[in-house]
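J.:
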Amino acid sequence: MAKKADFLVIDGCVQDGRVVVVKGEPYSPPSKGIEEALLAEGRIAPLKDPRAQELLRHKAGVTNEVEDSGGE
């Protein structure tokens, strides 16, 4: 069973082995040390962080615009 992601990539991307997680996607660091380093760099933020929430709202708004623009 996969671990629930507690963070969101908010800047650039994060490579974890062969997997690349890009901005706006959920991410679960494999260790506490990596989590602390990525938080310090500003690459990830907790899901409840205002920056992560803003990114999620923006991403949802873009998705809704694309879906809404399909009809004529």
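Take 4 as the starting number for the sequence shown in this note's numbering and just add one per residue.
Beta carbons: idealized from backbone N, C-alpha and C, even for Gly.
None of the values given here were measured: they were computed from a predicted structure.
1. Out of G36, A55 and D19, which has the shortest C-alpha to C-alpha gap to F10?
2. Given this structure, state the Cα-to-Cα distance separating P53 from V22, to the nearest angstrom.
3. Flag A43 as yes if its beta-carbon sits less than 8 Å from any beta-carbon of chain C, otherwise no.
4. Keeping to the same chain, check which residues put their C-beta closer than 6 Å to that of Q18; ignore five residues upstream and five downstream.
5. Compute the beta-carbon to beta-carbon distance between D14 and G45, rounded to the nearest angstrom, for a pair I have assumed lies under 8 Å.
T.: The relevant details are as follows:
1. Translated into positions along the sequence shown, residue 10 becomes position 7. Looking at the Cα atoms, A55 is the closest of the given residues.
2. Position 50 of the sequence shown holds residue 53. Position 19 of the sequence shown holds residue 22. Using only the alpha carbons, I get a separation of about 26 Å.
3. Among the protein chains of the structure shown there is no chain C, as only one such chain exists.
4. If you number the sequence shown from 1, residue 18 lands on position 15. The beta carbon of Q18 is closer than 6 Å to none in its chain, skipping five residues each way along the sequence.
5. Numbered from 1 along the sequence shown, position 11 holds the residue referred to as residue 14. Numbered from 1 along the sequence shown, position 42 holds the residue referred to as residue 45. Here D14 really is in contact with G45; their C-beta atoms are around 6 Å apart, less than 8 Å.
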